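Notes to accompany the following structure.
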Amino acid sequence: MACTIIVGGFFGDEGKGKIVAHIAERDRPAIISRGGVGPNAGHTVTVGEKSYGVRMIPSGFVYKDALLCIGTGVLVDPRVFLHEVDLLGVKGRAFVDERCGIIDPAHIERDRGSEHLAKKVGSTGTGCGPANADRAMRTGRQAKDVPELAEYLKDVPLEINESLDDGDSVLIEGTQGFGISLYFGTYPYVTSKDTSASQMAADNGVGPTRIDDVIVVFKAYPTRVGAGPFSTEMTEEEAQEHGIEEFGTVTHRRRRIGEWDGEMARYSAMINGCTQAAITGIDRIDPDCFGCTDYRKLSKAAKDFLSKAEDDIGAPVTLISTGPDISHIIDLREEP
Ligand code: IMP
Ligand code: MG
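For the sequence shown, our numbering begins at 38 and goes up steadily by one.
And the structure:
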């Protein structure tokens, strides 16, 4: 692994946070840097008894030897960032690019007060849309304009590119999911930026020629929060029959749940330039697989599902998540 990007293949909340945390612990990257929109994303990382919902700091924070960066393209809410630095005890290794766009309280008010964003699109109300609008208008503030962030500023792309020159590994952590990309998703029911792998590279100032791997994360039962089309959606009752019910990390809203969407998986893998796929929630396909760490011990139902998914995606499934804990994973990346 040299430079790897991790992105969501469906509508977000595929379990990227857990996959990033696992890869970080195993591959020991020098830098883990976030792309994506901003604090509208919530990543849940469960380690033993503790569960963390992070919105600004990369989910790879559990691996203690990496620098944790926020790429230039990402919006920073200084209050959320500083709170998480404290909560996770990552001062000294958490940095934001000096040019990151800033979310001010007025952006949050505009997001929540807008009929279009709050009601029609069903935004997260975290101020991201209005802050990106101000960035495009060139009226928004940048991280270097915020005194509270002074000690956290870095030239993140420079740091990443120099690390790659030195032969170190870098993990670029995407957020959101393919279906809510401003460009490729279900417009206007989308977020305020592209969410594909190319955008994650651009957010971090890493040129396309420097990317070695793109891992796209898919969820066995995709979910969607907020409004917009969801062709494989099931009813709340059907979801309960499967024993699945989910609530958002940021907004605590109930997530809409659907069946596997092979067509979307294939299209998303294509646009993301997927080289490997991760599939989460296999314990929902077959509860007997909960916590399994050995591919050979998966049930026939689980293996059948994975081989169908692999055909749909058109790239090898190399990471299989079998439960919420960072240890509940099958990693096939080094097997022949
Ligand atoms: P916004 O990004 O807050 O403007 O919200 C626009 C749409 O994207 C809404 O439907 C949100 O629920 C959805 N959205 C934004 N970020 C995420 C995410 O990280 N996971 C899932 N949905 C998201
Ligand atoms: Mg999330």
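Built from N, CA and C at the ideal position, the CB exists for glycine as well.
Since this is a predicted model, take the numbers as computed values, not measurements.
Backbone CA spacing between residue i and residue j [nearest angstrom]
{"i": "S218", "j": "S364", "result": "30 Å"}
{"i": "K156", "j": "T232", "result": "22 Å"}
{"i": "C311", "j": "G222", "result": "17 Å"}
{"i": "A131", "j": "E146", "result": "28 Å"}
{"i": "K53", "j": "R175", "result": "32 Å"}
{"i": "G204", "j": "I68", "result": "12 Å"}
{"i": "E86", "j": "G360", "result": "14 Å"}
{"i": "T212", "j": "R333", "result": "31 Å"}
{"i": "R290", "j": "G90", "result": "14 Å"}
{"i": "D171", "j": "H144", "result": "9 Å"}
{"i": "P373", "j": "A352", "result": "Since pLDDT at P373 reaches only 38, below the 50 mark, its modelled position is unreliable, and the value read off the structure follows with that caveat. So the alpha carbons of these two residues sit roughly 15 Å apart."}
{"i": "F48", "j": "D368", "result": "24 Å"}
{"i": "F98", "j": "G216", "result": "26 Å"}
{"i": "I94", "j": "V122", "result": "7 Å"}
{"i": "I366", "j": "Q313", "result": "15 Å"}
{"i": "T260", "j": "E273", "result": "12 Å"}
{"i": "G79", "j": "K55", "result": "12 Å"}
Helix, strand or coil at residue i [DSSP, three-state]
{"i": "Y332", "result": "helix"}
{"i": "D348", "result": "helix"}
{"i": "H80", "result": "strand"}
{"i": "T232", "result": "coil"}
{"i": "P373", "result": "Model confidence at P373 stands at a pLDDT of 38, short of 50, so the residue's coordinates are unreliable and nothing is read from them."}
{"i": "F221", "result": "coil"}
{"i": "G295", "result": "strand"}
{"i": "D47", "result": "The sequence given here has Phe at residue 47, not Asp. Note: F47 maps to coil in three-state DSSP."}
C-beta atoms of residue i and residue j nearer than 8 Å
{"i": "V74", "j": "K230", "result": "yes"}
{"i": "G126", "j": "D240", "result": "no"}
{"i": "P225", "j": "V117", "result": "no"}
{"i": "V254", "j": "G46", "result": "yes"}
{"i": "A234", "j": "N169", "result": "no"}
{"i": "I140", "j": "C106", "result": "no"}
Any non-hydrogen atom of the ligand SAM within 7 Å of residue i CB
{"i": "C165", "result": "You won't find the ligand SAM in this model; what it holds is the ligand IMP and the ligand MG."}
CB contact below 8 Å: residue i versus chain D
{"i": "T317", "result": "The chain inventory of the structure shown lacks chain D, comprising one protein chain alone."}
ask   = Does the pairing of the region 133 to 147 with the region 176 to 189 give three or more beta-carbon distances under 8 Å?
value = yes
inquiry  = Contact between the region 265 to 274 and the region 93 to 112 is defined here as three or more beta-carbon pairs at a separation below 8 Å; is this criterion met?
reply    = no
message = Counting beta carbon pairs with one atom in the region 242 to 252 and one in the region 275 to 282, are three or more of them shorter than 8 Å?
response = no
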